[in-house]
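Heads up: the structure comes next, in C-alpha cells.
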Amino acid sequence: MPEERLQNIIASIPAGVIGVYFFLDANDRILYIGKSIDIRKRLQQHFNNTSRKSLRMRNQVVRVIYENMGSELLALLRESEQIKTIKPLFNRALRRSVFLYGLYHELNKQGYIRLFIDKIDSDSREIMAFTSRAEAKAYLFRITEKHQLCQKINGLYPSRAACFHYSIKLCMGACIGKEATEEYNSRALAYIDSIILPNEDQLILLPGREKGERAAVLIEKGIYRGYGFFKGRKPSPSKLAAIIIPKSNNRDSQRFIKAFLRKQDITV
C-alpha cells in the first residue's frame, strides 16, 4: 500500500479509540485482527515496523476497519472471540502468547499449601494467568505478604531455616513447622476462593463507546455470558437480557476477566 494511503487510513481514525481493528486485503479477506487502547497509535507502530512479517502483511493490506469497544477488557474479549472465529492468516498462535505463566497451588510434603509459578500449557488449571514471569512473581510477593503466607513455602526465599518474613513477624512460622497446617492452609484457601470467579451472578460496569454510554459484562454463576452497552441508569435484571450480546465462555475469557478484577485492587 502506498505510504500516502497508509497515512490517510491512520488519520481517519480518531485519537484515543479503544477497540479492535481489522486489516483487509483486496478481496476483503481479514488478514489480521488486533486490539489497542489507542488504535491510531497502534496502526502507526504496525506500519513503521520493518520486520519481514510486518512488511509482508503491509503489502497485502488495502483497507482497515475498526470497532470502538470503549474499554480494554471488552477489546480483549472481542479480539479473542474474532480471532477464534475468523482465524486470520497473520494471527497464528497469537492467543498462546498472551498468557504465558500461571499461578498454581499444591500441597507440599509437610502438608502446607504451596503457591508457585509455572508455564501455562494446554492442560493448565491455574488460579491466575500472567503475561510474564516477572509480573507473576511480583504478584506472588504481594499476596504472600497480604495473606501472611510463607515466602519459603511459596518459593520466594530459598533457605534451610526460617524465611525473612518470619523475622519481621509477617510469617507465622510455617517455614519451620511452627504454625499448624490447618491454620496456614485456611488463609491460603481463603485467598484462592477470593480470586476464583465465584459461583454467583456479577455485573461488571465499564466505560462505553461515547459520552453518556456505559458497558456491562454479565457473569452468571461464575460463567461469562456476554456484554452489552446502555445509557442512563444501571439496567434492571429484566432489561439486562435485552442488551447483553451472548458470547461463549472459555478459558481466555475467564483469564481476561480475572486479570481485570485483580487489577481493580492494586493491593492484592
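Under my numbering, read the sequence shown as residues 828 to 1095, first letter to last.
Heads up, the beta-carbon is just placed ideally off N, CA and C, and yes, glycines get one too.
Quantities reported herein were computed from a predicted structural model and do not represent experimental measurements.
Give a yes or no on whether the C-beta atoms belonging to residue 1028 and residue 1040 are separated by under 7 Å.
no
Should residue 852 and residue 887 be called a contact, given that it needs their Cβ atoms to be closer than 7 Å?
yes
Rank 848, 1038, 1066, 1059 by C-alpha distance to the C-alpha of residue 1045 and give the top, closest one.
1066
Who are the Cβ neighbours of residue 991 in its own chain at under 7 Å, not counting the five residues just before and after it?
978, 984
For residue 942, does the count of other Cβ atoms within 10 angstroms reach 16, so buried, or fall short, so exposed?
buried
Could you give the residue range of the beta strand (DSSP E) that holds residue 873?
Careful: residue 873 lies outside any beta strand (DSSP E), inside the alpha helix (DSSP H) at 866-875.
Return the first residue and the last residue of the alpha helix (DSSP H) that residue 884 is part of.
879-887
Would you list the residues sitting across from residue 1025 in a DSSP beta bridge?
DSSP output for residue 1025 lists no bridge partner at all.
Is DSSP giving residue 994 helix, strand or coil here?
DSSP places residue 994 in the helix class (H, G or I) of the three-state scheme.
Take the Cβ of residue 835 as the centre, count every other Cβ of all protein chains shown within 10 Å, and call the residue buried at 16 or more, exposed below.
Counting C-beta atoms within 10 angstroms of its own C-beta, residue 835 has fewer than 16 neighbours from the protein chains shown and is therefore classed as exposed.
Residues in its own chain within less than 8 Å of residue 946 by CB, not counting five upstream and five downstream?
927, 928, 929
Rounded to whole angstroms, what's the CA-CA distance from residue 916 to residue 1024? Just pull it up for me.
33 Å
Who are the Cβ neighbours of residue 1087 in its own chain at under 7 Å, not counting the five residues just before and after it?
900
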